[in-house]
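Trainee: I'd like to ask some things about the structure below.
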Amino acid sequence: MKIATNDNNWTLYLLLATYNLISTVLFPTRSLKGSISAIDNIFIDISHKDKYTLYPLINGLSDHDGQIIQPENINMQKQPSEFGIVRNFNKHSMNDFKTKLSYEIWDTIFGDNDVNKTFNNFHNIFKGFFTQAFLKRKKTVLVCQTV
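Residues in the sequence shown are numbered consecutively from 3, following our numbering.
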């Protein structure tokens, strides 16, 4: 199978190559009524071109097949940890959120004919309960870099 079948494809591949990116999928990813095409792709840094295994995943859920790429022998260098802010989603917080919504009197939502006011009222109530139920917390994020 050719990598690029027309000028637009070739232009895209050349553009990506300027950023050291190469195509990995060289097999059809879509088959329909006797026609095949490779319209889905994974691009990787050219320095890793021989360090992966790639194969199709035919699951029957779509007219496109999936692709699975498994990197091999890529050493990861640890970087200093960073902190991120995440919301705490768990069974208790989900139940708290649902309970708050269920006890809300929605008169301010249904009592106005102006769609913008109605949406803003709904959004404010929803966001208020969301921020109360799903509290923010600091989380350490490990940053890795390929060597």
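Virtual Cβ for every residue (Gly too), placed ideally from N, Cα, C.
Candidates ILE71, LEU28, TRP108: which alpha carbon is nearest THR120's?
Mentor: With distances taken between Cα atoms, THR120 lies closest to TRP108.
Trainee: What separation, rounded to the nearest whole angstrom, lies between the Cα atoms of LEU59 and GLN69?
Mentor: Those two C-alpha atoms are separated by around 5 Å.
Trainee: Quick one: grab the DSSP three-state call for LYS35.
Mentor: Coil, per DSSP.
Trainee: Within a Cβ cutoff of 6 Å, which residues of the same chain sit near LYS140, ignoring the five residues on either side of it in sequence?
Mentor: Counting only Cβ-Cβ distances below 6 Å, and skipping sequence neighbours, we find PHE85.
Trainee: Quick one: is THR31 buried, meaning 16 or more other Cβ sit within 10 Å of its Cβ, or exposed?
Mentor: Buried.
Trainee: Work out the CA separation of LEU103 and ALA6 for me, nearest whole Å.
Mentor: Low confidence applies here, because ALA6 scores a pLDDT of 49, under 50, leaving its location unreliable; read the following figure in that light. Roughly 53 Å between the two C-alpha positions.
Trainee: Starting from the Cα of GLU106, find the closest Cα among ASN123, SER39, LEU56, ALA19 and give me that residue.
Mentor: Nearest option by C-alpha distance: ASN123.
Trainee: How should VAL27 be labelled, buried or exposed, when 16 other C-beta atoms within 10 angstroms of its C-beta is the threshold for buried?
Mentor: Label assigned to VAL27: buried.
Trainee: Tell me where the alpha helix (DSSP H) around SER64 begins and ends.
Mentor: SER64 -> no alpha helix (DSSP H), and no H or E assigned at all.
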